[in-house]
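Asker: After the structure tokens below, expect a handful of questions from me.
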């Protein structure tokens, strides 16, 4: 059987699971943060300092309601990735 003969739905079910490592649904904060990060990337903010500046301008605020720093962003990303 070749790849061309496998229905796309079967491929999607097996390989296209974007949240396959997720242990729980994201929180509202995580959803908002993800949306803001995506907007930052779309605006060309690929460097950490530029992305942190984008987050501080457009939100959400960092943990505990504080402005983002490079360190707080990296710490949270590490925590969320565990």
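Numbering (my numbering), first residue to last: 30 to 111. Glycine is no exception: its CB is placed at the ideal position from the N, C-alpha and C atoms. This structure is a prediction, so every number in the text was calculated from the model and none was measured.
1) According to the neighbour-count rule (16 or more other Cβ atoms, all chains shown, within 10 Å of its Cβ), is residue 97 buried or exposed?
2) Starting from residue 93 and walking both ways along the alpha helix (DSSP H), at which residues does that stretch end?
3) Residues in its own chain within less than 8 angstroms of residue 59 by CB, not counting five upstream and five downstream?
Answerer: Reading from the atomic positions:
1) Result: buried.
2) Neither: residue 93 is in no alpha helix (DSSP H) and is coded neither H nor E.
3) If you ignore the 5 residues before and after residue 59, its C-beta comes within less than 8 angstroms of the C-beta of 109, all in its own chain and listed in chain order.
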